[in-house]
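Below is one structure, written out as structure tokens; the observations come after it.
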Amino acid sequence: MAKEGIYGEYAVHEMPEHYLNTYFSKKITELGPKYTLCKEVKDKVEFIQEDIISGHNKNNIYDVIFCRNFFIYINLSARENLLINIDKKIHEGGLLILGGSENIPRENSTFNNISIRDHFYIKNLANKPNSYKNALSSIFPSRIQKRTTKKGNLSKNLSGTGELKEKPKSSVKAINPIEKILKRKKPKKEKKLTELDINPLIEPAEVRITGIVVNNGIKQTAPKVNLIHPLENKEEPVKTEDNKLIKREILLKQRENEIEKKEKFIEEQYKILEFEQKEVEKLLYQTNEKEKDITNRLLVLERVKRQIEQRERALNLREEQLEKRLVKIGQYSKKMIQQELQISNQSKKLDNFDETEDSFTLYEEKRMDQVKIHGNKKEIIIKMGYYGLIQSYDRNMSATKFRIEGLGSGIGLILRDLKNNVFAMSHISLPRSSASKQGYHLLFPHTFADTSVKDLINNLLYNGASRENVKALIVGGAKLFLDYDMTYQENIDTIKKELQALEIKIDAEDIGGLSERSVLYDTINDSLSVKKSWEFQYRKIT
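Counting from 1, position 271 in the sequence shown corresponds to residue 274 in my numbering; the numbering is continuous, with no gaps.
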């Protein structure tokens, strides 16, 4: 507040109008007029935040120190420390100004009082020359004057005039209550102020307004303070300024009335604010409830949104899978049509054979469903409905591996006799041969699971395998078509059933799933590897 430099009307009521108009700007507010100090003066003021009793680190020495209304809030020990710090920071002959209810104890000989009413003190005044003292006496004249005269002087004054003035006629006049009080306060008998009298005729303004009188180290019961002005040798009569006091009392009364009105106004405004505060609290409570409701709804919407997004992703994935299956169904249908055409052509050729032609067995090299290779190829690729055979002891056979590409719902069946090194593999597409037409299962027994197992084991035995040593590996049975098409599961069940009937053990299997497979079997190290359509390389099964 000190940095703002804003003062009320009472704070500046004794300031000369010239200074008030020059260095202050006036502004009317609800609490009365306010006076703001000009910026040029405020910029010259330095504010220091410190413990005033302990002092500060600056080495400034001052001509004048104002310490008003601070002594009343500290104890005697703190006052002594404060006076020591003030003594260090003020020039010889410097001025110290205290509050109206504050005094320096008489034990302190450093500061001398030059104005009893205003509490002005000079540092080491006794050491100053008389010219300095006289100059101060002219600036601070004594305000203690006698208020009565001797009777002899009164008679002389009356005789000196030569005649008595007429006494004005008495008239009825309204007496101001304040004037009446002031008149009552006038003493009947006058007393001279001596060195033993300590009651000043005029109370300080702070004592009259605040009513605070502080013991500043002086014993009030038997004071020994010399209140005679140190700069004067003669006592002057005291002049009472009744008119000024009356004006001040009237001004204070007016200000009290204004303050009462403002207090009433503030109370009314406070009640209005309390009512508005309650309304605001109600609105705030309602707003918080609505906010919670909206937050809950947003959480529900976010949860529903996530569920919808998950369903959308699932539907998109399902749609992609269906599209892929439709493509595979088309490819599979084309293969089946081509295979049926091929079988039809083969059937026509067989019908043209002469019955007298030498017959051949199913296990001779003239079979149509056996895949053979020519040259130095190392792999036998098994097509749907065909089979392959590898005899490791046959030096004329260079192939050592079986391969099936695009194995879907069908089954890749591998039978092997590791002791005799005889291996066979078939590519099965359907579960039962009872659905075949025109003896198709006789020409291509490896198209069906029930006939393929029997034919393949007979081929192994015909080429030197031992029944006790034959073991099986099965791969395939993927679900590629619609849910009602259970061909993949029927193939798996039929293969296992036939192998169990022939007491052939299954060493390893890789069946089921939703993707096509590529199968690679190496007869040299007896390793089976599988790669699904979405995989980049073969993974080893055995």
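Every residue gets a Cβ at the ideal spot worked out from N, C-alpha and C, and that includes glycine.
Specify the secondary structure class of residue i as computed by DSSP and reduced to three states.
i	result
Ala481	coil
Asn348	helix
Phe74	helix
His94	strand
Ile431	strand
Gln394	strand
Phe50	coil
Tyr465	helix
Arg419	strand
Val67	strand
Asn116	strand
Ile107	coil
Ile100	strand
Ala317	helix
Tyr389	coil
Ile407	strand
Pro36	strand
Lys474	strand
Ile414	strand
Val425	strand
Phe451	strand
His21	helix
Would you call the CB atoms of residue i and residue j closer than 8 Å?
i	j	result
Lys45	Tyr65	no
Asn127	Glu95	yes
Thr403	Ile527	yes
Ala427	Leu463	yes
Ser469	Asn424	no
Pro36	Glu53	no
Val522	Ile414	no
Phe143	Ile117	yes
Ser412	Ala481	yes
Tyr38	Phe27	yes
Asn115	Ala129	yes
Leu483	Arg321	no
Phe405	Ile385	yes
Val456	Leu416	yes
Return the first residue and the last residue of the beta strand (DSSP E) that residue i is part of.
i	result
Lys29	Phe27 to Thr32
Lys126	Phe123 to Lys126
Ile383	Glu382 to Ile384
Within 10 Å of its beta-carbon, does residue i have 16 or more other beta-carbons around it, so buried, or fewer, so exposed?
i	result
Ala452	buried
Asp513	buried
Glu105	buried
Pro448	buried
Asn319	exposed
Leu446	buried
His16	exposed
Gln289	exposed
Ser437	exposed
Asn246	exposed
Ile387	The amino acid at residue 387 is misidentified as Ile; the sequence shows Met. Buried, since its Cβ has 16 or more Cβ neighbours within 10 Å.
Phe123	buried
Thr197	Summary for Thr197: the model assigns pLDDT 40, below 50, so the residue's position carries little reliability; its value from the coordinates is reported in the next sentence. Burial call: exposed.
Phe504	Checking the sequence shown, residue 504 turns out to be Ala, not Phe. It is exposed - the Cβ of Ala504 has fewer than 16 other Cβ atoms within 10 Å.
Thr497	buried
Lys381	exposed
Pro19	exposed
Leu98	buried
Lys331	buried
Phe69	exposed
His430	buried
Ser432	buried
Tyr390	buried
Gln373	buried
Ile393	buried
Asp397	exposed
Lys170	Below a pLDDT of 50, predicted positions are generally treated as unreliable, and Lys170, at 48, falls in that range; no measurement from the model is reported.
Leu418	buried
In terms of residue numbering, what span does the alpha helix (DSSP H) encompassing residue i cover?
i	result
Glu43	Lys42 to Lys45
Tyr10	Counting along the chain, Tyr10 falls outside any alpha helix (DSSP H), though it belongs to the beta strand (DSSP E) covering Ile9 to Gly11.
Lys136	Asn133 to Ile142
Would you check whether the ligand ADP has a heavy atom nearer than 7 Å to the C-beta of residue i?
i	result
Lys247	Summarising the ligand content, the structure contains no ligands, and the ligand ADP is consequently not present.
**Prompt:** What are the complete alpha helix (DSSP H) segments, minimum 4 residues, inside the segment 482–545?
**Reply:** 490–504
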